[in-house]
Structure formats: structure tokens, C-alpha cells
Amino acid sequence: MKTLETERLILRQWEPEDADFVLDLYSRWEVQRFIGNPPQVMTNRAQAEERIRAWRDMGHPVHAVWAVQLKAGGQLAGTLLLKSIPASGRLPLQPSGDTEIGWHFHPDFWGQGYATEAAAAVLAYAMDSGLPKVVAVTAPANTASQKVCIRIGLVHQGQTGRYYNALCELFELAGSP
Numbered sequence: 026m027k028t029l030e031t032e033r034l035i036l037r038q039w040e041p042e043d044a045d046f047v048l049d050l051y052s053r054w055e056v057q058r059f060i061g062n063p064p065q066v067m068t069n070r071a072q073a074e075e076r077i078r079a080w081r082d083m084g085h086p087v088h089a090v091w092a093v094q095l096k097a098g099g100q101l102a103g104t105l106l107l108k109s110i111p112a113s114g115r116l117p118l119q120p121s122g123d124t125e126i127g128w129h130f131h132p133d134f135w136g137q138g139y140a141t142e143a144a145a146a147v148l149a150y151a152m153d154s155g156l157p158k159v160v161a162v163t164a165p166a167n168t169a170s171q172k173v174c175i176r177i178g179l180v181h182q183g184q185t186g187r188y189y190n191a192l193c194e195l196f197e198l199a200g201s202p
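Plus 25 on top of the position in the sequence shown (first one is 1) and you've got my numbering.
As C-alpha cells, this is what we get:
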């Protein structure tokens, strides 16, 4: 996976020693309330360790899940995802063929522009890598993430039920033909 840098951030591979942060992040209802159908909080360190293993083993030339780390101080702030998005349908959900960008940040780092900065870097990486299209989906009530989508150049396409067996706001950006 490619490490990415912005003015204030390093986007790097998750390491096993990051499990305590992953547990802290994903055990918070305010973070999880818009993730999953239905949303669920992480309850133990073993789940965090398994999540890191899955992220590290994606095995795709472009898709990745990055740990977002502050350059100043080195604290972990969140997660940036570029991955296959599952199509709605029978469980277990199957890949749709589209690539999703997404982000999950610790509440201590909300409202400081980190999600926009990290997502813009990953979206540029995705387009530079030749992906034909990148989509983002949000819960209709998740206006904060919808604002990030617009700020990084994704175009709102309205609501859709195509992904995750859920009604979502759809944003997308098509690459150059």
C-alpha cells in the first residue's frame, strides 16, 4: 500500500500496535451511528486486531485502508478507506464493481479539516491510479460527511438503495476516459 502525505497528515498502513486506537475509535457510538446496517460498536481488542489484519490483507493494487496520523505530535486521528463497495442484495453482500471512499475520525479531531484533507489526497490517488469512478455513500442524516464529499469534488447524485441494503445519499466522481 502506498503511504500518502498532506500538509498536516501521514496516511499509512495500520500496524498491530494501533489496535488500542482502533478499539477506542470504533467503540464510540458517535462514530459508529452511521456505519453498518445496523450500526454496531466494537466491544473488544480482539475485534480491533482482526479489523487491522483485514485492512492489511486487502490484496488490491489501489484499494487500501489508511491510518491517518498527525505529522505534528504523531497522534492517530482516524481512518481513510478506498475499497470495494458491496451491492445491495442477498446476504452476504457481494461486490458491486464500484470503489468507495470513506472516512471515520475520532471525535477529538472533528471539525479541524482533517477528513477533507485526507480524503482529498486519497481521491487524487484513486484518480491518478486510473480508477474509472469513485463513489461515497452517507446516511441521509450524516450532513458532516456530505459536506466533506462536496469539498473534495464529489458530485451529489441523490439517494440510492444500490449499496449496503440501505437508503444512502450517493456522491461520485468519474475519472478521465
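Just so it is clear, CB atoms sit at the ideal spot from N, CA and C, and this is done for glycine as well.
- Is the segment 32–42 close to the segment 95–110, with three or more CB pairs under 8 Å? yes
- Task: Enumerate, from N- to C-terminal direction, the unbroken alpha helix (DSSP H) stretches of 4 or more residues contained entirely within the segment 144–178.
- Result: 168–176
- Message: Quick check: G200 and P157, are their CB atoms within less than 8 Å of each other?
- Response: yes
- Query: So does the segment 119–133 actually touch the segment 64–78, counting three or more Cβ pairs closer than 8 Å?
  - Reply: no
- Cβ of I110 within 8 Å of Cβ of Y188? yes
- Query: Just reading off the alpha helix (DSSP H) that A89 is part of, what are its end residues?
  - Reply: Counting along the chain, A89 falls outside any alpha helix (DSSP H), though it belongs to the beta strand (DSSP E) covering A89 to L95.
- Task: Would you mind stating whether R70 and L48 have Cβ atoms separated by less than 8 Å?
- Result: yes
- Cβ atoms of L179 and L192: under 8 Å apart, would you say? no
- Close Cβ partners of A144 (< 7 Å) along its chain, the five nearest in sequence each way excluded: L105, I126, W128, V173 and I177
- Query: Just to check, is the beta-carbon of H88 closer than 7 Å to a non-hydrogen atom of the ligand GDP?
  - Reply: With respect to the ligand GDP, the structure shown offers nothing to examine, as it has no ligands at all.
- Item | Beta-carbon spacing of F196, Q182 below 8 Å | yes
- Give me the Cα-Cα distance between S154 and V66, rounded to the nearest whole angstrom. 33 Å
- Query: Who are the near neighbours of R33 in its chain, counting only those whose CB is closer than 6 Å to its CB and skipping five residues on each side?
  - Reply: K96
- Query: Skipping 5 residues on each side, what residues in its chain have a beta carbon closer than 6 Å to that of A151?
  - Reply: L107 and V159
- Query: Using the rule of at least 16 other Cβ atoms within 10 Å of the residue's Cβ for burial, across every protein chain shown, is T68 buried or exposed?
  - Reply: exposed
- Message: Between which two residues does the alpha helix (DSSP H) holding E40 run?
- Response: Looking at the DSSP string, E40 is not in any alpha helix (DSSP H), and its letter there is neither H nor E.
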